[in-house]
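Read the structure below first, then the notes.
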C-alpha cells in the first residue's frame, strides 16, 4: 500500500480489523453530528480501509484460484 494514508501500521491490519474499523466509520458517518472537516476525515479513512479490505479479498481470491486445477481443454 503505497498511498500515504494506507502506509505504516495500516499494512499490518488484518481483514477483520480493517472491516471492523470500516463499520465503525460508517456508523459514525451515518449518525451525523460531525463537522464537515471530521466527516471528510472519516470518509477518507473509510476509503483507505475499503482499499485494505479489497486487497485482502483479492489476495484470498488469488490463493483460491491458484489451488484450482486448470480446466481440461
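In the working numbering, the protein residues as written are 1 to 73. Note that CB positions come from ideal geometry on N, CA and C, so glycine has one too. Small disclaimer: the values here were computed from a predicted structure and weren't measured.
Burial state of residue 52, where buried means 16 or more other Cβ atoms lie within 10 Å: buried
Using 8 Å as the threshold, is the stretch 49-63 in touch with the stretch 33-40, meaning 3 or more CB pairs across them? no
Reducing DSSP to helix, strand and coil, say where residue 1 ends up. Residue confidence is low: residue 1 scores 37 on pLDDT, short of 50, so the model does not pin down where it sits. Its coordinate-derived value is still stated next. Coil, per DSSP.
Could you compute how far the alpha carbon of residue 13 sits from the alpha carbon of residue 26? 18 Å
Name the residue from 56, 65, 55 and 22 whose alpha carbon lies nearest to the alpha carbon of residue 43. 22
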